[in-house]
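Below is one structure, written out as structure tokens, with a few remarks after it.
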Amino acid sequence: MSGSALSANSEKVNMHSDENDRRYKATPHRLGWATLAGVVLWFGLVTGLGEVAFRLLTYASGSEHLFYNEHFMWLTPVAEAILFVGFGVPLMSPLRRLPSPTALGLVVGASSLAATLGIVVSSGYVYAWVALILAAGVAWRLGHWVRRRPTWTATSCHRTLPFLLGTVAVLAGLVFARQADQDAAARTQAAAADPRVPNVILVVLDTVRADSLRMYREDGVGLPFLERLATRGLVYESAIAPAPWTLPSHASMFTGRYPNELSTGWFQPLDDRQPTLAEVLGQAGYATSGFVGNTLYCPRTTGLRRGFGHYEDFGFGWGEVFRHSVFVRNLQRKLDPLAWFGFHDELGRKPAPSVTNGFLRWLDRPGSRPFFAFLNYFDAHSPYLPARLANDGRRLTDREQALSKRLAEAEHAELQQHADFLRQCYESTLVELDAELRRLADELAQRQLLDNTILVVTSDHGELFGEHGVFYHGNSLYRPAVHVPLLVSWPSGIRQAQRIQAGVSLKDLPATILDFLDLSSQTALPGTSFRPRSGPSSPQQPRPVLSMVDPGPKADRFSRAPVAKGPMWACLDDGIFLIREGDGTERAFDFAADPREAADLTLVPEYAERLNAVREAARSESSR
Ligand SMILES: [Zn+2]
Numbered sequence: 002m003s004g005s006a007l008s009a010n011s012e013k014v015n016m017h018s019d020e021n022d023r024r025y026k027a028t029p030h031r032l033g034w035a036t037l038a039g040v041v042l043w044f045g046l047v048t049g050l051g052e053v054a055f056r057l058l059t060y061a062s063g064s065e066h067l068f069y070n071e072h073f074m075w076l077t078p079v080a081e082a083i084l085f086v087g088f089g090v091p092l093m094s095p096l097r098r099l100p101s102p103t104a105l106g107l108v109v110g111a112s113s114l115a116a117t118l119g120i121v122v123s124s125g126y127v128y129a130w131v132a133l134i135l136a137a138g139v140a141w142r143l144g145h146w147v148r149r150r151p152t153w154t155a156t157s158c159h160r161t162l163p164f165l166l167g168t169v170a171v172l173a174g175l176v177f178a179r180q181a182d183q184d185a186a187a188r189t190q191a192a193a194a195d196p197r198v199p200n201v202i203l204v205v206l207d208t209v210r211a212d213s214l215r216m217y218r219e220d221g222v223g224l225p226f227l228e229r230l231a232t233r234g235l236v237y238e239s240a241i242a243p244a245p246w247t248l249p250s251h252a253s254m255f256t257g258r259y260p261n262e263l264s265t266g267w268f269q270p271l272d273d274r275q276p277t278l279a280e281v282l283g284q285a286g287y288a289t290s291g292f293v294g295n296t297l298y299c300p301r302t303t304g305l306r307r308g309f310g311h312y313e314d315f316g317f318g319w320g321e322v323f324r325h326s327v328f329v330r331n332l333q334r335k336l337d338p339l340a341w342f343g344f345h346d347e348l349g350r351k352p353a354p355s356v357t358n359g360f361l362r363w364l365d366r367p368g369s370r371p372f373f374a375f376l377n378y379f380d381a382h383s384p385y386l387p388a389r390l391a392n393d394g395r396r397l398t399d400r401e402q403a404l405s406k407r408l409a410e411a412e413h414a415e416l417q418q419h420a421d422f423l424r425q426c427y428e429s430t431l432v433e434l435d436a437e438l439r440r441l442a443d444e445l446a447q448r449q450l451l452d453n454t455i456l457v458v459t460s461d462h463g464e465l466f467g468e469h470g471v472f473y474h475g476n477s478l479y480r481p482a483v484h485v486p487l488l489v490s491w492p493s494g495i496r497q498a499q500r501i502q503a504g505v506s507l508k509d510l511p512a513t514i515l516d517f518l519d520l521s522s523q524t525a526l527p528g529t530s531f532r533p534r535s536g537p538s539s540p541q542q543p544r545p546v547l548s549m550v551d552p553g554p555k556a557d558r559f560s561r562a563p564v565a566k567g568p569m570w571a572c573l574d575d576g577i578f579l580i581r582e583g584d585g586t587e588r589a590f591d592f593a594a595d596p597r598e599a600a601d602l603t604l605v606p607e608y609a610e611r612l613n614a615v616r617e618a619a620r621s622e623s624s625r
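Quick look at the structure:
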């Protein structure tokens, strides 16, 4: 259409509208439900799309951000649309008693107030009160303007609504298509592996310290299923996580490299320079899949999904959907209104059963390849909200749940005051995870898959409850932060239970898994297998084991934690666990004899030579 024809046409429309508007005002009538809902929905969608635009700008500008749900592009407008219609229509329905132009003016005024407020606050550039003044100004002007043009407003809203809905649908389609593409590209083109070779399941129980478990320390919590597994499999007594927090630890478990060789950081994903275990097993003819409960540091955007032919991170539950609304996020953070209804968890948290169920759904798809599945369970991560307390079997009261949630972000003094309570809640989540693993094993047994599946159960890092004055993880390298459980069960392959004392690193997990599968010779994944050798001909050589953490851009947020002083490392070698902080301060402990790290060996002159040897071993291990 030519420009002049277009303007002539729009003039005609305007003349027509003006005439309608005059008629509209002359014969006041009720605002229709369809108009009310349409206008409110329109503003909801525009708010969501505005928030999306600002988020895209933030990501494009390269500023620091956490790893996100790629579905935010359409979940945000959907969440805002549901909230606007769900709250807006009932709240504004009394306005229908007013003459229609006035009602429409007020509806548009109120909707635009919320929309402007939402978009401006979500940009993160201005204070909420400045945004409110701005939004009030916009609402006032727009409301007045609309009162004089009710028909034009209603018609324009209805005409452009399909365009907005279409945009949201296209965004959803793009994200789903992109993820399906990524998965398809990772799906192996290699010939299927022999169906008789074992399957592999790598279970990472996020944030589980070894010494909270009775199988590692007498006064630890009893986990009947894992203990039964241990009676027929391998238990590694001294498994050390390569890092005290999720992303580098997983990246190391996947690539066979220490975190200092990888791209991962607090805000940097794993890049695609080094091959991963999933890629190698895919090339060997395995079907590969990942199911993660930790949506903070394991979603697709962290790069951990590489090599998995199917990867499930965020769910689509109501918590995950509404978490995308700027109103819900801010309201939850400031007032926590869901707590009034007894909900104390993080919005969108993925509980253990949905991780297992995702895997079982995938397992039951057609196909006969052996599989490698990675399952990350997030239930032992703070806030700890077990359904029941393990020691007396009672449910947490509403107050206790609220306390546990608050403590996830509390200051040191309050954490210290409630350390025992925190630990009790934490250990109760372990009992529930144990029950979930039993269900997983039962489901595998039902499908006749358990016997020929290598089940590796471990954790990406531990947790502290005030030891050395530190809480939680990611902020130190004390033993509770990095000493993790490690069990390997393979009913048809490992005939004899064994407890292995020597220190091992989760970095060597890929090499070990490939060794179990007799695939070591085919691959370029680095590392040294810690599969026990039978017979005297090949004794297991103990190796130095490292763990490391770099505060990076988060240094100032760690305040008094050890890592605030700069990058630090720890080394377990020759039975000594040596920790070196960013300022050069060192502490060393006897790993077997002093699990509580009470006696600092750096203060004992007789140990000077052995400590020197540990330093030397750490240096050579880190430069290998
Ligand atoms: Zn973790």
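Note that this note's numbering gives residue 246 to position 245 of the sequence shown, counting from 1, and the numbers run on in steps of one.
For every residue, glycine included, the Cβ atom is placed at its ideal position computed from N, Cα and C.
Ligand 1 heavy atom lying under 6 Å from the CB of residue i
i      : result
Asp346 : no
Asp393 : no
Ala156 : The amino acid at residue 156 is misidentified as Ala; the sequence shows Thr. Every heavy atom of ligand 1 is 6 Å or more from the Cβ of Thr156, so no.
Thr430 : no
Asp380 : no
Asp314 : no
Thr152 : no
Thr208 : yes
Thr247 : yes
Asp461 : yes
Opening and closing residue of the alpha helix (DSSP H) in which residue i lies
i      : result
Ile495 : Unbroken run through Ile495: none, as it is neither H nor E.
Tyr60  : 34-61
Gly283 : 278-284
His145 : 129-149
Ala571 : Here Ala571 belongs to no alpha helix (DSSP H); instead the beta strand (DSSP E) covers 569-574.
Leu547 : No alpha helix (DSSP H) holds Leu547; the beta strand (DSSP E) holding it covers 546-550.
Ser113 : 101-124
Glu1   : Coverage of the chain is limited to positions 2 through 625, which leaves residue 1 absent and any answer about it impossible.
Phe328 : 327-335
Ala353 : 353-364
Pair within 7 Å by beta-carbon distance, residue i and residue j
i      : j      : result
Asp435 : Leu165 : no
Ala187 : Phe309 : yes
Val627 : Leu143 : Any question about residue 627 goes unanswered here, given that the chain covers just 2 to 625.
Ala589 : Leu602 : yes
Phe68  : Pro300 : yes
Asp519 : Ser493 : no
Gln361 : Glu437 : Per the sequence shown, residue 361 should be read as Leu rather than Gln. No.
Thr430 : Ala381 : yes
Val281 : Thr459 : no
Phe315 : Thr303 : no
Ile580 : Leu478 : yes
Lys629 : Pro243 : Lying before the first or after the last residue shown, residue 629 is absent from the chain, which here runs from 2 to 625.
Residue i at chain B interface by Cβ criterion, 7 Å
i      : result
Arg307 : Absent from the structure: chain B. Only one protein chain is present.
Assumed close pair residue i, residue j - CB separation to whole angstroms, cut-off 8 Å
i      : j      : result
Ile120 : Ser548 : Wrong, their Cβ atoms sit about 44 Å apart, outside the cutoff.
Tyr378 : Cys426 : About 16 Å separates the two Cβ atoms, so there is no contact after all.
Ser521 : Asn261 : About 24 Å; that fails the 8 Å criterion.
Gly1   : Glu81  : As displayed, the chain neither begins before 2 nor continues past 625, which places residue 1 out of reach and without an answer.
Val485 : Arg218 : The Cβ separation is near 13 Å, so there is no contact.
Val222 : Val432 : 6 Å
Leu526 : Leu278 : 7 Å
Trp246 : His462 : 6 Å
Tyr312 : Phe372 : No, Tyr312 and Phe372 are not in contact; Cβ-Cβ is about 14 Å, not under 8 Å.
Asn476 : Pro563 : 7 Å
Leu423 : Leu408 : 6 Å
Val41  : Val79  : With 8 Å as the limit, Val41 and Val79 do not qualify as a contact, their Cβ atoms being about 15 Å apart.
Simplified DSSP state of residue i, which is helix, strand or coil
i      : result
Ser539 : Caution is warranted here: a pLDDT of 48 is assigned to Ser539, below 50, making its placement in the model unreliable, and no coordinate value can be reported.
Tyr608 : helix
Val209 : coil
Met216 : coil
His311 : strand
Thr265 : coil
Ala181 : helix
Gln190 : coil
Glu401 : helix
Leu488 : strand
Glu622 : helix
Gln417 : helix
N-terminal and C-terminal residue of the beta strand (DSSP E) that residue i is part of
i      : result
Ala599 : Segment: none, Ala599 is in no beta strand (DSSP E) and carries neither H nor E.
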